[in-house]
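When the letters of the sequence shown are read in order and numbered with this note's numbering, they come out as residues 5 to 81. Backbone N, C-alpha and C fix where the C-beta goes; we use that ideal spot for every residue, glycine too. These numbers come from a predicted model, not from an experiment. Quick notes on the structure that follows.
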Amino acid sequence: MSRTLTEFLSFVPLAIMAALWFESLFVQRLGHFPQINLGNLLASVPTVLSAFLSKNLLVIVVVGIISLAAIRFFLSV
């Protein structure tokens, strides 16, 4: 593969993760504007912070799972 194609394909996982993240932040109901899913939004804050600080996928996933579980347990969102 050419270097340009390889560089282009390196952005595919990032684009897929971003699309999944944005899709989980909003709740869609027919005939209404999308609403923000508060639990996922609150869990995203420490997850994004850990992504910037560690740049380690395992840390990001673990922080995301733990923060979402804690928010669902304590806030019952």
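Excluding the 5 residues flanking it on each side, P50 has same chain C-beta neighbours closer than 7 Å at V67, S71, in chain order. Unbroken alpha helix (DSSP H) runs of no fewer than 4 residues, entirely contained in the stretch 7-48, are found at 7-13, 16-29, following chain order. The continuous alpha helix (DSSP H) containing S71 extends over residues 61-79. With respect to S54, I69 sits apart: the two C-beta atoms are not nearer than 8 Å.
Distance from the CA atom of A23 to the CA atom of L57, rounded to whole angstroms, is 22 Å.
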